[in-house]
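First the structure, in the form of structure tokens, and then the observations on it.
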Amino acid sequence: MLPIRLSKDSREPIYHQIEKQLKALIAGGHLSAGTPLPSIRALSKDLEISVITIRRAYQDLESQGFIETAHGKGTFVAEIQNSMKQETMTASVQAEFERAIRNAMDYDYTVDEIKMVFEETLEKIGKGE
Amino acid sequence: MQPWIEIKDASKKIDDFQLGPVSLAIEPGTITALVGNNGSGKSTLLKLIMNLANLDGGEINVFGKSVNGKDESWKRHITFQPQNSVGWNAYTGEDLKRLIAPLYTKWDEALFEHMIKLFDIPLDKRFGKLSPGQQQKLSLSLALPRSTEILILDEPTASLDIPSKKLFMDLLVDWMEKEDCAVILTTHQADDLRKLADYLFLMKDGRTVGQYEKDMLAAGFRRYWLKEMPAMPVPGELSRSGNELISDNPDATEQFFTQHENNVIDDKALELEEIISLLLK
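Chains as they are written, first to last, in the working numbering: chain E, 129 to 257; chain A, 15 to 295.
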């Protein structure tokens, strides 16, 4: 079973959540090239999502080169270039920071305050706390 | 893609119950769940598809052929498991298999044996002597191995215990891995809907409420907790109670909240069961 965790409460479309998490697993090297992916129907059951949504996510990932389908054999993780891995990782990290910064702005934090929180958090994590 | 089953304005009157007009299309590769309160007409609709009852109006086509036409060859491509199998009580599982298997050219003996073992069904006992759960397990073991393109199951999990339900779901998902097949099932089990259904067809008192893709349906409703409930109606508002508001158009509702003072404390998707209850109210 894939370690995909969907948030059904999020307003982010489900197919988008699946794509993002599969990309992260592939770019992060957790799913290496050639690894078989679950069939659309099996993933639909595990994630409790319709095959229509899963198919859409698989099609998007295939057109972006992350996965490939061998007819009659199933779907596999594709060989992706290092530059694409890097891009995906950067985009994912950026998105997380963006989310955190927007959250801080919603609480009316100033830029300097945000920087301070960032520095403190970085220091805390660096110390292994 | 051409639908495999096409129901157009089908109607049927039985005593004082009026079904339809109902329209529904079933495409290959999908699982459609018929959902409705008791007596909503789900089983009647399935009987009409199988031509076990005569249509009063409208038409039903299976693989492009009218179900009440002379050519009944389409029946070999459909497996229908009714809630109660009439006439089976006197036969053992072994007898039933000997009667049914030869009718289907793609009968999967290995799958049959696998299911009998998995469900632990005594094949030498008469059907009528089996418990309701065992009867259902045997019926399923006599249905899936027929390997027909279309599988119609009327409440397949109603009498199954929790482990058997899980086994059944896994078996059905495996069964669906075949290239082309489609499933229609009726169910009152929320778990069947969550794990198996792609489309939900909702019925109430013989009428169609709607056909929905499951994830679109789930995304189409949302509950908001507000600091203060606006006096005016909110776009998309379906119901309000205290500081809680349910919307059936989250986009419109959230646009309104952004334009007016953003006073949302929290928001959450609705469970599928709750959405269905709202639609069947």
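Cβ atoms here follow ideal geometry from the backbone N, Cα and C, with glycine treated the same way.
query                                                                                                                           : result
Counterpart residues of R184 (chain E) in DSSP-defined beta bridges                                                             : None, per the DSSP bridge assignment.
The segment 112 to 131 of chain A touching the segment 140 to 155 of chain A, judged by at least three CB pairs closer than 8 Å : yes
is_contact[P264 (chain A), chain E] using C-beta, thresh 9 Å                                                                    : yes
Same chain only: Cβ atoms within 6 Å of A152 (chain E), ignoring 5 sequence neighbours per side                                 : S220
Within chain A, the residues that T181 (chain E) reaches when beta carbons sit closer than 7 Å                                  : D229
Nonlocal neighbours in the same chain, by C-beta distance under 7 Å from K26 (chain A), ignoring five residues either side      : L33, G34, T58, L62, A67, L69, D70
Beta-carbon proximity list for Y186 (chain E), same chain, < 7 Å, skipping 5 on both sides                                      : I168, I195, T203
Residues that DSSP places opposite K131 (chain A) in a beta bridge                                                              : According to DSSP, which records beta bridges pairwise, K131 (chain A) is partnered with nothing at all.
C-beta neighbour in chain E for D212 (chain A), strict 9 Å                                                                      : yes
Cα-Cα separation, D236 (chain E) to L214 (chain A)                                                                              : 44 Å
Interface positions of the segment 155 to 176 of chain E facing chain A (Cβ-Cβ less than 8 Å), listed along the chain           : S167, R169, A170, S172, K173, E176
Simplified DSSP state of D138 (chain A), which is helix, strand or coil                                                         : coil
Pair within 9 Å by beta-carbon distance, L130 (chain E) and L189 (chain E)                                                      : no
Opposing strand residues paired with Y75 (chain A) [DSSP bridges]                                                               : Here the sequence assigns Asn to residue 75 (chain A), which means Tyr is not the residue at that position. Partner(s): A:E20, A:S80.
Backbone secondary structure at V49 (chain A) - three-state DSSP                                                                : strand
D234 (chain E) versus D240 (chain E): straight-line alpha-carbon distance, rounded                                              : 15 Å
Contact under 9 Å by Cβ, I260 (chain A) with L294 (chain A)                                                                     : no
Listed by chain order, chain A residues near K136 (chain E) by CB distance under 8 Å                                            : A232, A283
7 Å Cβ cut-off: residues of chain A touching I142 (chain E)                                                                     : D229
Neighbour-count burial assignment, K143 (chain A), 16 or more Cβ in a 10 Å radius                                               : exposed
Members of the segment 27 to 47 of chain A near chain E, C-beta cut-off 9 Å                                                     : G43, T44, I45
Sub-9 Å separation of T216 (chain E) and A161 (chain E) beta-carbons                                                            : no
Contact set between K209 (chain A) and chain E, taken where Cβ atoms lie within less than 7 Å                                   : K173, E176
Below-9 Å beta-carbon distance, V81 (chain A) vs any chain E residue                                                            : no
CB contact below 9 Å: E287 (chain A) versus chain E                                                                             : no
Members of the segment 186 to 210 of chain A near chain E, C-beta cut-off 8 Å                                                   : V187, M190, E191, R208, K209, L210
Same chain, Cβ closer than 6 Å to G224 (chain A), five either side skipped, listed in chain order                               : L216
Under 9 Å between C-beta atoms of K56 (chain A) and D168 (chain A)                                                              : yes
Segment contact, 8 Å Cβ cut-off, at least three pairs: the segment 281 to 288 of chain A with the segment 234 to 242 of chain A : yes
Identity of the residues DSSP links to R237 (chain A) by a beta bridge                                                          : A:I260, A:K282
4-residue-minimum alpha helix (DSSP H) runs that sit fully inside the segment 189 to 243 of chain E, ordered along the chain    : 210 to 234
Within chain E, the residues that M246 (chain A) reaches when beta carbons sit closer than 7 Å                                  : Simply none; closest approach about 24 Å.
E300 (chain A), DSSP secondary structure in three states                                                                        : With chain A covering 15 to 295 only, the question about residue 300 (chain A) has no answer from this structure.
Contact check, V76 (chain A) vs I135 (chain A), beta carbons under 9 Å                                                          : no
Span separating the alpha-carbon of W88 (chain A) from that of D265 (chain A)                                                   : 44 Å
Buried/exposed call for I21 (chain A), threshold 16 Cβ in 10 Å                                                                  : buried
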